[in-house]
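Colleague: First to last, the protein sequences are chains X and G. Under my numbering, the final residue of the first sequence carries the number 312; numbering is consecutive throughout. Under my numbering, the final residue of the second sequence carries the number 312; numbering is consecutive throughout. Virtual Cβ for every residue (Gly too), placed ideally from N, Cα, C.
Number of protein chains: 2
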Amino acid sequence: MSEKQKADPIGKVHLTAAYELVVDQIRRVIYLGRYLPGDRLPPERELAQQLGVSRTTVREAVRLLEGEKLITVKRGATGGIIVLGADDGADKELRSISAAHLRELEEIFEFRVAVECCAVRLAAERRTKKHIATLRRAADQMERIAAASGRDGGSIAEYNAADTQFHITIAEAAGNRYLRQDVEEIRAAMFRPVGSIFEGLTERVDVHHHQILAAIVNRDPDAAEAHMREHIQVGFGGLKTLVTGRGKRKPRRST
Amino acid sequence: MSEKQKADPIGKVHLTAAYELVVDQIRRVIYLGRYLPGDRLPPERELAQQLGVSRTTVREAVRLLEGEKLITVKRGATGGIIVLGADDGADKELRSISAAHLRELEEIFEFRVAVECCAVRLAAERRTKKHIATLRRAADQMERIAAASGRDGGSIAEYNAADTQFHITIAEAAGNRYLRQDVEEIRAAMFRPVGSIFEGLTERVDVHHHQILAAIVNRDPDAAEAHMREHIQVGFGGLKTLVTGRGKRKPRRST
DNA sequence: GTTCAATGGACTATAATTTGATCCATTGGA
DNA sequence: TCCAATGGATCAAATTATAGTCCATTGAAC
């Protein structure tokens, strides 16, 4: 018998501590815009219940995120766990983005094209009235925010939250658990490297949202996919321009 | 101030025990064909080292998988942890597939189209000679196996292993970690519901593999994507026919 | 046949993590 | 002034994971 095979080892497993899972979960809901800067998370005792862990564990996670300057904690009756904005972090990010970061963002956007284009095709076929309503609400909200404040300061987080809701609802409408899962996942991953970068975006993408929505309403998968691809690629183009410095744009708030 | 918002709770975290992670990891390498029926896994002590956990934990996982009839354990110098084939399980699966299973497979194949079509496009642009060599080897091996044994009995596992290698190498060549990760993930997921179903497949897909390979060699993303889509859809079509009973095919071994 | 090395089986003490429960400290509004 | 809400702190118990030791079985080499 020929022996001496199966050389490559089986990969190590990662033992994830409970508090790490909680950290990830909290980071996620913040990145996904379910809690905006200034919002209070549920009280520790309630969080523990919702997350299914002990309060001690929640507190460990909170300490870590506090150190990360993603949240801050205040005592007292009106205190709580408060979400910080990008500006509150100060040294949290360097505002500059490395080549590695850019490559990572490129991978993320490549992946988004794959997953979200497929999702929007299926959504165009399977969407219900309820999905349409949610999508319209999100699209309108983004337009309203963009029109009202010209994408300055605080409303950026709200804009991103609506944007996230738009994209996740499409994945929901596609009725495929793997697509749904990945769209949420990749969306959180997108803001992880340097979230504040997105504040500099000035591309007008509201028109894309309405085009995508219209295609979904008309049950036109081809148009939906085309607009989605355009949408994602323009988004990445904007980021790239922003990072490489070409194209001279206002430095995220005209002082 | 308007209070009473943020009603929906943050999802529970899943505390995964070490032995569960080990179970998943071992299942995965078996589903991915890195260990075929009859193969021996590394000895417990070595597994523990490779997985980065204690031997006790490995043994817990082994017990579970033994109960699942995925592996069997033999003592003594020439004993060890041996991978079982679908036939050894007997009652492991019901050979019949429910409507829920079929829908799950449909979701999996929808997802494969999204991810693998994108991966193969990128692979056509970024592949190196090394990737080509690996792909050719896998494609030839599948052809050889199919020609030699007509897809009966034991060689099915080998065929699937080569097939998996083919698809994962493409994802590797795409140079995108998210795509790479998902292709592997979805591949393992595919065999999870009722792996034995795949033994009944008789569609000739070797021609697809060579078409895909040729397109990658020629750096032709459009052709590569088209052939990959065809490949995956035909694969699912075969499964569907098999399950719904239409099309009368040999019952996985003409007795 | 005896020996021996390889392998799984079993047990135990220790360490680390997680829980749960209790009580304290701070805060701002009633 | 009081009090309800909230974070801060501590501790004993339970659970989980580890590391080490020794036993039992097996088959092959001698």
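#1: Which of the three DSSP states, helix, strand or coil, is assigned to Arg97 (chain G)?
#2: To the nearest angstrom, report how far apart His224 (chain G) and Arg249 (chain X) are at their CA atoms.
#3: In three-state DSSP terms, what is Arg208 (chain G)?
#4: In chain order, what residues of the same chain lie with their CB nearer than 6 angstroms to the CB of Arg208 (chain G), ignoring the 5 residues before and after it?
#5: In terms of alpha-carbon separation, which member of X:Glu161, X:Phe166, X:Leu162 and X:Arg178 lies closest to Phe168 (chain G)?
#6: Looking only at C-alpha atoms, which of X:Glu215, X:Val170 and X:Thr191 sits nearest to Ile202 (chain X)?
#7: Examine chain X for any beta-carbon lying closer than 8 angstroms to the beta-carbon of Gln107 (chain G), and answer yes or no.
#8: What are the boundary residues of the beta strand (DSSP E) that Lys131 (chain X) is part of?
#9: What is the DSSP secondary structure of Gly292 (chain X), reduced to helix, strand or coil?
#10: With DSSP run on the structure shown, which of helix, strand or coil describes Val140 (chain G)?
#11: In chain X, which residues lie with their C-beta within 8 angstroms of the C-beta of Thr135 (chain G)?
#12: Give the DSSP-derived three-state secondary structure of Ala74 (chain X) in the structure shown.
#13: Taking Gly292 (chain G) as the reference, which of G:Arg184, G:Gly142, G:Cys175 and G:Met247 has the closest Cα?
#14: Assuming contact is defined by CB atoms lying nearer than 8 angstroms, are Asp220 (chain G) and Val172 (chain G) in contact in what I supplied?
#15: Since Leu122 (chain X) and Ala218 (chain X) should fall inside the 8 angstroms C-beta cutoff, what is the C-beta to C-beta distance between them, to a whole number of angstroms?
#16: Between which two residues does the alpha helix (DSSP H) containing Gly109 (chain X) stretch?
#17: Of all Cβ atoms in chain X, is any one closer than 8 angstroms to the Cβ of Gly68 (chain G)?
#18: Smallest Cα separation from Arg276 (chain X): which of X:Ile227, X:Gln198 and X:Leu299?
#19: For Arg112 (chain X), would you say it is in contact with chain G, using Cβ-to-Cβ distances shorter than 8 angstroms as the test?
#20: Should Gln82 (chain X) be flagged as near chain G, meaning a C-beta pair shorter than 8 angstroms?
#21: State the Cα-Cα distance for the pair Ile273 (chain G) and Cys174 (chain G), rounded to the nearest angstrom.
#22: Is Glu164 (chain G) buried or exposed, if buried means 16 or more other CB atoms sit within 10 Å of its CB?
#23: For Glu117 (chain X) versus Tyr76 (chain X), is the C-beta spacing smaller than 8 angstroms?
#24: With a threshold of 7 angstroms on Cβ separation, who are the neighbours of Arg183 (chain X) within its own chain once the five nearest residues in sequence on each side are excluded?
#25: At which residues does the alpha helix (DSSP H) containing Tyr235 (chain X) begin and terminate?
#26: Tell me whether Glu125 (chain G) is buried or exposed, calling it buried when 16 or more other Cβ atoms sit within 10 Å of its Cβ.
#27: Would you call the segment 68 to 84 of chain X and the segment 99 to 119 of chain X touching, i.e. three or more CB-CB distances under 8 angstroms?
#28: Check whether the Cβ of Asp239 (chain G) lies closer than 8 angstroms to any Cβ atom in chain X.
#29: On the DSSP letters alone, give me the boundaries of the alpha helix (DSSP H) that Glu182 (chain X) sits inside.
#30: Using CA coordinates, which residue listed in G:Glu101, G:Gly68 and G:Ala181 is at the minimum distance from Met285 (chain G)?
#31: Buried or exposed for Ala325 (chain G), going by 16 or more other Cβ atoms inside 10 Å?
#32: In chain order, what residues of the same chain lie with their CB nearer than 8 angstroms to the CB of Glu260 (chain X), ignoring the 5 residues before and after it?
#33: Quick one: using the 10 Å Cβ neighbour count with 16 as the cut-off for buried, is Thr301 (chain X) buried or exposed?
#34: Using a Cβ cut-off of 8 angstroms, pull out every chain G residue sitting near Ala75 (chain X), in sequence order please.
#35: Looking at chain X, is there any beta carbon in it that lies within less than 8 angstroms of the beta carbon of Arg184 (chain G)?
#36: Which residue from G:Met199, G:Arg193, G:Ile138 and G:Ala281 puts its Cα closest to that of Asp263 (chain G)?
Modeller: Inspection of the coordinates gives the following:
#1: strand
#2: 29 angstroms
#3: Here Arg208 (chain G) scores only 47 on pLDDT, less than 50, and its place in the model is too uncertain to base an answer on.
#4: Note that Arg208 (chain G) scores a pLDDT of 47, beneath 50, so its modelled location is shaky and nothing firm can be said.
#5: X:Arg178
#6: X:Glu215
#7: yes
#8: Ile128 to Lys131
#9: helix
#10: strand
#11: Residues of chain X passing the Cβ test: none, with the nearest at roughly 10 angstroms.
#12: coil
#13: G:Met247
#14: no
#15: The pair is not a contact, with the Cβ atoms about 19 angstroms apart (cut-off 8 angstroms).
#16: Element bounds for Gly109 (chain X): n/a, residue is neither H nor E.
#17: yes
#18: X:Ile227
#19: no
#20: yes
#21: 12 angstroms
#22: buried
#23: yes
#24: Ala230, Ala231 and Gly232
#25: Arg234 to Phe248
#26: exposed
#27: yes
#28: yes
#29: Ala156 to Arg183
#30: G:Ala181
#31: Residue 325 (chain G) lies beyond the residue range present for chain G, which begins at 58 and ends at 312; the question has no answer from this structure.
#32: Val291, Gly292, Gly294 and Gly295
#33: exposed
#34: Val70 and Leu72
#35: no
#36: G:Met199
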